[in-house]
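What the sequence shown shows, in UniProt numbering, is residues 1 to 889, in sequence order. Glycine included, every Cβ here is placed at the ideal spot set by N, Cα and C. Read the structure below first, then the notes.
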Amino acid sequence: MSHTPRNILVVGAGPAAWRFVRAYHEGAEAAGRAADTITVLNDEPYIPYDRVAIEKIFKDTEKDLTLGDPELWNAENINLVNNCHAEKLDRTRRVVTDTEGNEYPYDVLVFATGSRAVRIPILNSDAAHVFRTIDDVKNMVSEVNRLQDTLGRAPRGIVVGGGLLGLEAAEGLKDLGAEPTILDVAPWLLSVEVDQGGGYAVNAQIKATGIEIETGVYISGINKDADGNVVSVSIADSPSEDAEIRTLPADMVVFGAGIRPNDELARDADLALGERGGILVNDACHSSDEHIWAIGEVACVLGRTWGLVAPANAMADAVAANLLNDNEEAQVEEFDIATKLKFSGVQVAGFGDRRGTTEGCLEVLFADPARGMYQKIVTSGDAKTLLGGVFVGDTAPFDSLKPLLGRELPAEPNVYLTAAGGGDGIPDTELPDDAILCSCNNISFGAVREAIVDGNHDVASLKSCTTAGTQCGSCVPMLQKTLEQQMKKMGLTVSKALCEHFDFSRAELAEAVRLTNLDDFDSVLARFGRGGDGCAICKPTVASILSSFRNSYVLDAGRGGIQETNDRALANMQKNGTYSVVPRIPAGEIPAKKLGVIAEVAEEFGLYVKITGAQRIGMFGARLEQLPYIWERLVDAGFESGQAYGKSLRNVKSCMGSTWCRFGVQDSTGMAIQLENRYRGLRSPHKFKFGVSGCNRECAEAQGKDVGLIATTNGWNLYLGGNGGANPAHGRLFVKDASSEDIIRYIDRYLMYYIRTADKLQRTARWLEDLDEEHGDGLAHLQSVLIEDSLGVCEDLERDMQRHVDSYEDEWAATLRDERRLRRFRAFINEPNGSDEGSHLYVLEREQIRPATPEEIAAAEAGESDTVLLTGTKIPVGKPSDLNPVPAA
């Protein structure tokens, strides 16, 4: 059925406009509307682009952010008019006039004018930059470069606003070499996206990246010198006219303090507007004028305007469907406003009832504000129905939980608190077909599974045919997981590609990295990847590979941001948010003097002490900022990191052996010490453990270890591929009665071969099982490769291992020598915590700074105490710095 051709005029050319034009164009022929003409008025010089990704322009001013296939704008019935600003709307004549006087008649008008950055009305506000368009970012890049040349130092940038725009702007300035400070009126950053606990965790993480923040402050003016250059900003702790004003030095200012809908054209034409702005529309996005519709950030629908991708897409799809079918049946409902973000290595995500306002709800949470870790799950009072969640620092649960919003959880809530070690990992539950996998494009799990059944067997083709994962990209890990689940169900071989960014398997990528001199994630991605920015799958995998073959400090060269949570802190986070300190004690042998040091440290810092299952002494309960001081004592005493936090060698367990035991036939303790000192710090696809028994009584349980040795009267029996854990595996006998020299040679080869060829996060037992499937007998394959050198790689494997041995450096010793590295462990004792206890006064006690108690303050003020009270704007926990003694009473 054909219809009379009509002119559809779209004012605005942002993501909402692009989505509408694409949807209408794709459905026009089937609806008999192929003769309709669409004209889009674009006030920028660029083809519609992804505004959500404009921060990428900071790093590459020529970055192509074009949305979708640019051929859309070459279609015969689509007319894109760039550099065209609509100035007047005549609703009677149904004409829009631009600033040049050109008139554009319409039968249907779709407002997609979006929003603009707020420019705060203060002194010299015109001197500030705004952060909204490609040209805005390019102007900031030019200004930073100019200031660097003029000043001969890093420019000081003030970013006003601690929301998404502000944080992205601050990160961009930092990447350009400026020194940014974020100002925000709220007590914590991202106050819309996260609750108080999550906000303080965000504050801590942002500070740790080198971006300064000032919360709870109001900017009152931008100050210039006689030449018109910005020199400072004036701020106050309240908006009151009587508030005390102070200044912060600044060379440039960026406003990122929110947005306002671009509704002036509609306002001047007397269209109905929302109470707080935006074109008022019904649930079908139809305005008070029968010929006019509104979508995206300019539309006031469901009682408010919306500044997120998913609502804009839903509005655009609804209007396209309604215009194609001449009805209002397509209506928007409550929007999914879940967010998953990452900037400066800081991960933040939230969905549903983030603040726990539902009556009778239960909040299950884990928090470590000093580390910037926070995870909260909100459920119904019986802990069964999922109502929401907030995740900062570790957003791993987000992908699995968000589709379950409003549904019954398949497991206890605490198992999803990955940062707290709440369980054995997120349950591998298959989510229902009607659950939404991609919120941006409203794509269900069922639609993705159907596409897989239809033959789309990789992430790239799934994205192409379903559009899932094509906008913000946060759902791509779940897309990959769903692909693997469905293909296994269909009996098909699952692709070994690491993720959508790398066609290589983990083993192939490891070999590629090994053969190059690449030493950072961006270089690996550029050389071997498929573009993009990486994801939660490939980043930690590449971090592990780089650590395995380069053996340089794991947190340098940008590797800190891609490491696993525990690796970033060089400590293992415990359930209550504190950290464990586990020094290496090779074979469990320790002199009494060093044992005494552990006792002293544990007592001084109030740590819980336990002999671990790995035959080591663990100290538990340390705060992040205490770790350097604890390790300083331990390193001075000759201890090294035990890498209890890494995917690496954990320990070499040993019995007493022939040195003490009357049954021992070999020196198991000596062999264990030699092995532990040789393979310490070796990063691998997963953790691995050794056991060395001095006789066949097997007191060290060597046959349950990844590498196990049992002494014989003629040498050593070597067992490989044993594991404990959820699926225990018995080690397999690799060689009998081997000499100590041969044993070390074989282990060198075995570990390096495992590191080169295993899959991501694969234990040696599972790797050996895969070799069984591939070669019929995995152990026989290993014997052929590692003893007979059937692949001609043994010399190469030994050389790689020797390179590791020769270049090993204790990570904590390296950290303590470098003030720059120590900064990531710095926390501030006067972090906002919702409490005024101590009135912001502090006490120095045994070189540790703590809040003063009300009693101490009262006694000091009355002159009844010798306690010295201290104050400061930023007081680092630990040794004195930037402190001012309070005058005695």
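Continuous alpha helix (DSSP H) stretch holding residue i: start and end
i           : result
residue 398 : 396-401
residue 677 : 668-679
residue 783 : 778-786
residue 935 : Given a span of 1 to 889 for the chain in the structure shown, any question on residue 935 remains unanswerable.
residue 895 : Past the edges of the chain, shown from 1 to 889, lies residue 895, and the structure says nothing about it.
residue 802 : 794-807
residue 134 : 134-151
residue 452 : 445-453
Assumed close pair residue i, residue j - CB separation to whole angstroms, cut-off 8 Å
i           : j           : result
residue 445 : residue 462 : Rounded, the Cβ-Cβ distance is 12 Å, inconsistent with contact.
residue 546 : residue 519 : 6 Å
residue 138 : residue 57  : 6 Å
residue 256 : residue 131 : 5 Å
residue 944 : residue 379 : Absent from the model: residue 944. The displayed extent of the chain is 1 to 889, so no value can be given.
residue 37  : residue 77  : 5 Å
residue 6   : residue 90  : In fact, because the Cβ distance is near 18 Å, the residues do not count as touching under 8 Å.
residue 13  : residue 40  : 5 Å
residue 621 : residue 608 : 5 Å
residue 143 : residue 252 : 6 Å
residue 763 : residue 797 : In fact, because the Cβ distance is near 20 Å, the residues do not count as touching under 8 Å.
residue 715 : residue 739 : 5 Å
residue 59  : residue 175 : 6 Å
residue 300 : residue 258 : Not quite, the Cβ-Cβ distance comes to about 16 Å (not below 8 Å), so this is no contact.
residue 116 : residue 125 : Not confirmed; about 14 Å, so no contact.
residue 592 : residue 664 : Rounded, the Cβ-Cβ distance is 23 Å, inconsistent with contact.
Among the options, the one whose alpha carbon lies nearest that of residue i
i           : options            : result
residue 697 : 313, 658, 373      : 658
residue 287 : 111, 540, 521, 81  : 111
residue 350 : 400, 273, 77       : 400
residue 615 : 639, 583, 89       : 583
residue 292 : 114, 188, 272, 391 : 272
residue 500 : 480, 512, 484, 490 : 480
residue 394 : 376, 405, 647      : 376
residue 754 : 778, 460, 412, 597 : 778
residue 452 : 441, 491, 415      : 491
residue 366 : 386, 415, 403      : 415
residue 267 : 258, 433, 280      : 280
residue 442 : 466, 458, 188      : 466
residue 505 : 526, 438, 538, 531 : 538
residue 309 : 757, 52, 527       : 52
residue 814 : 635, 595, 373      : 635
residue 385 : 352, 123, 536, 62  : 352
residue 121 : 140, 60, 239       : 239
residue 530 : 744, 86, 568, 459  : 459
residue 757 : 147, 548, 450      : 548
residue 237 : 141, 74, 678, 187  : 187
residue 87  : 290, 119, 269      : 269
residue 610 : 536, 580, 604      : 580
Residue interval of the beta strand (DSSP E) (run including residue i)
i           : result
residue 465 : Residue 465 -> not in any beta strand (DSSP E); alpha helix (DSSP H) instead, spanning 459-466.
residue 103 : 103-105
residue 621 : 617-622
residue 179 : 179-184
residue 325 : Here residue 325 belongs to no beta strand (DSSP E); instead the alpha helix (DSSP H) covers 309-325.
residue 116 : 115-117
residue 651 : 649-654
residue 156 : 156-160
residue 108 : 108-111
Paired residues, beta bridge with residue i - DSSP
i           : result
residue 733 : 719
residue 286 : 293
residue 374 : 367, 392
residue 480 : DSSP, once it has assigned bridges, lists no residue as partnering residue 480.
residue 386 : 379
residue 194 : Residue 194 is not bridged to any residue.
residue 738 : 716
residue 349 : 340, 391
residue 581 : 619
residue 330 : Beta-bridge pairing links residue 330 to no other residue.
residue 260 : 116
Ranges of the beta strand (DSSP E) found wholly within the region 10-94, counting only runs of at least 3: 37-41, 78-81, 86-90, all fully within the region 10-94.
Every unbroken beta strand (DSSP E) within the region 203-256, with a cutoff of 3 residues, ordered by chain: Positions of the beta strand (DSSP E) runs, each at least 3 residues long and wholly inside the region 203-256, are given as 212-215, 218-224, 230-236, 245-249, 252-255 in order along the chain.
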